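One structure below.
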Amino acid sequence: MSGTGAGGSADGRARDPGYRDLGFARIDTRREARQGVAECVYTPGKRPEEVVAIVAELLAHATGPVLATRADPDTAQAVLAAHPAGRYDPQARLLAWRPAPPRGFRLAVLTAGTADWPVAAEAAAVARAVGLEVDVYRDVGVAGLHRLLDCVDAVTAHHAVVVVAGMEGALASVVGGLVAHPVIAVPTSTGYGAGLEGVTALLAMLSSCAAGLTVVNIDSGFGAAMAAHRLATAMAAAAGPGGGPHRAGPAGAGGTGGAA
0 MSGTGAGGSA DGRARDPGYR DLGFARIDTR REARQGVAEC VYTPGKRPEE VVAIVAELLA
60 HATGPVLATR ADPDTAQAVL AAHPAGRYDP QARLLAWRPA PPRGFRLAVL TAGTADWPVA
120 AEAAAVARAV GLEVDVYRDV GVAGLHRLLD CVDAVTAHHA VVVVAGMEGA LASVVGGLVA
180 HPVIAVPTST GYGAGLEGVT ALLAMLSSCA AGLTVVNIDS GFGAAMAAHR LATAMAAAAG
240 PGGGPHRAGP AGAGGTGGAA
């Protein structure tokens, strides 16, 4: 199967395989219906013209947000020239089209240090694009614990917390011990030699005594935001119609995201 991804059944009727085959990529056209957000594009390793083609397919098939992550300025410029309705956040390195309206799910994003900000920026930007309401608390690491304690009450007003920390990654355990909320921990590659480019923080978060932390990959602000998106979607399903945060979707579409 090649070209369009269209196939045929035994009786000759055309069928939809659920993806579009572009030759260099097979675009999942059903992901929005399954998960509430369309397939997201990881831009490193792709030529700008490939990103342009992938985004075109996603915009044609999805009704809600379309995202392209880790885009450098040159890639962003080329893609926006072809799809000018999008917006580029250079700190988050995120291209976004059709961001979802607020869904009623509040997310706190904390950074241990200022150097962790690029990863936190990605988490915050992706979360906002899928309709989460984000507040950021920067530079509240454990070397000055009073900074964190000053904002704990504000943090607990949210539905979930993303903690972004490099070096020894201790902030995730401390926050996990202070709040009852879901905590999504993001280890970063920030730090000196024994930090092992984020491996030390990753292992510390996985080994945390604060039970129940969710830990995503090193430097994966995107992964943290999507974990929060899944929490919001689960809360929406549990609350029922009109009872809580709802699924990501286009403005004016009631937050359905085109989902079945």
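Mapping to numbering that gives the first Met the number 0: the sequence shown position 212 is 211, numbers consecutive. Backbone N, C-alpha and C define an ideal beta-carbon position, used for all residues, glycine too. Predicted model only: the values in this text are computed from it and were never measured.
* Asked: Contact between the region 106–124 and the region 183–200: three or more CB pairs below 8 angstroms?
  -> yes
* To do: Check Ala193 in the structure and name its three-state DSSP category.
  => Along the sequence shown, read from residue 1 onward, the residue named residue 193 stands at position 194. Residue state, collapsed to three classes: helix.
* To do: Using a threshold of 8 angstroms, state whether the C-beta atoms of Ala213 and His180 are closer than that.
  => Here residue 213 refers to the residue found at position 214 of the sequence shown. Here residue 180 refers to the residue found at position 181 of the sequence shown. Per the sequence shown, residue 213 should be read as Thr rather than Ala. Not in contact: Thr213 and His180 (Cβ atoms no closer than 8 angstroms).
* Quick one: what's got a C-beta closer than 6 angstroms to Ser134's C-beta in the same chain, skipping five residues either side? -> In the sequence shown, counting from the first residue as 1, residue 134 sits at position 135. It is worth fixing the name first, because residue 134 is Asp in this sequence and not Ser. Within the same chain, Asp134 has close Cβ partners Ala107.
* Asked: Is Cys39 buried or exposed, if buried means 16 or more other CB atoms sit within 10 Å of its CB?
  -> Position 40 of the sequence shown holds residue 39. Classification of Cys39: buried, given that the 10 Å Cβ count is 16 or more.
* CA-CA distance, Arg29 and Asp20? -> Counting from one through the sequence shown, the residue named residue 29 turns up at place 30. Counting from one through the sequence shown, the residue named residue 20 turns up at place 21. Distance between the alpha carbons of Arg29 and Asp20 is about 13 angstroms.
* Check whether the Cβ atoms of Ile217 and Gly197 sit closer than 8 angstroms, and answer yes or no. => Reading the sequence shown from its first residue, position 218 is the one you call residue 217. Reading the sequence shown from its first residue, position 198 is the one you call residue 197. Yes, the Cβ-Cβ distance between Ile217 and Gly197 is below 8 angstroms.
* Asked: Cα separation between Asp152 and Gly44?
  -> For the purposes of this step, residue 152 is identified with residue 153 of the sequence shown, where counting begins at 1. For the purposes of this step, residue 44 is identified with residue 45 of the sequence shown, where counting begins at 1. Taking the straight line joining both Cα atoms gives about 42 angstroms.
* To do: Give me whichever residues DSSP pairs with Trp116 in a beta bridge.
  => Reading the sequence shown from its first residue, position 117 is the one you call residue 116. For Trp116, which the question treats as bridged, DSSP gives no partner whatsoever.
* **Under the three-state DSSP convention, the category Gly17 falls into** => Translated into the one-based positions of the sequence shown, residue 17 becomes position 18. The answer is coil: DSSP assigns Gly17 none of H, G, I, E or B.
* Asked: Which one or two residues does DSSP pair with Ala95 in a beta bridge?
  -> Residue mapping note: residue 95 aligns to position 96 of the sequence shown, counting from 1. Note: Ala95 sits in a beta bridge opposite Leu66, Arg86.
* Go to Glu48, then tell me how far its alpha helix (DSSP H) extends in each direction, as first and last residue. => Position 49 of the sequence shown, counted from the start, is the residue given in the question as residue 48. Counting along the chain, the alpha helix (DSSP H) containing Glu48 begins and ends at 47–60.
* Residue span of the beta strand (DSSP E) that contains Arg105, given as start and end -> As a first step, residue 105 is located in the sequence shown; it is residue number 106 there, counting from the start. Here the beta strand (DSSP E) through Arg105 covers 105–110.
* Where Ser172 falls, given that 16 or more other Cβ within 10 Å makes a residue buried -> In the sequence shown, residue 172 corresponds to position 173, counting from 1. Answer is buried; the Cβ neighbour count reaches 16.
* In the DSSP assignment, find the alpha helix (DSSP H) that holds Val174 and state where it starts and stops. => Against the sequence shown, residue 174 aligns to sequence position 175. 169–177 is the extent of the alpha helix (DSSP H) around Val174.
* Asked: Secondary structure at Asp218, three-state DSSP: helix, strand or coil?
  -> As a first step, residue 218 is located in the sequence shown; it is residue number 219 there, counting from the start. Of the three classes helix, strand and coil, the one that applies to Asp218 here is coil, per DSSP.
* Through-space distance from Leu230 to Tyr87, alpha-carbon basis -> Residue numbering aside, residue 87 sits at position 88 when the sequence shown is read from its first letter. Residue numbering aside, residue 230 sits at position 231 when the sequence shown is read from its first letter. If I take the Cα positions, the gap works out to 26 angstroms.
* To do: Please say whether Ala224 and Ala119 have beta carbons closer to each other than 8 angstroms?
  => As a first step, residue 119 is located in the sequence shown; it is residue number 120 there, counting from the start. As a first step, residue 224 is located in the sequence shown; it is residue number 225 there, counting from the start. The answer is no: Cβ separation not under 8 angstroms.
* Residues bridged to Glu132 (per DSSP) -> For this step, residue 132 is matched to residue 133 along the sequence shown. Answer is Arg105.
* Asked: Pairing CB atoms from the region 131–151 with CB atoms from the region 65–74, are three or more of them under 8 angstroms?
  -> no
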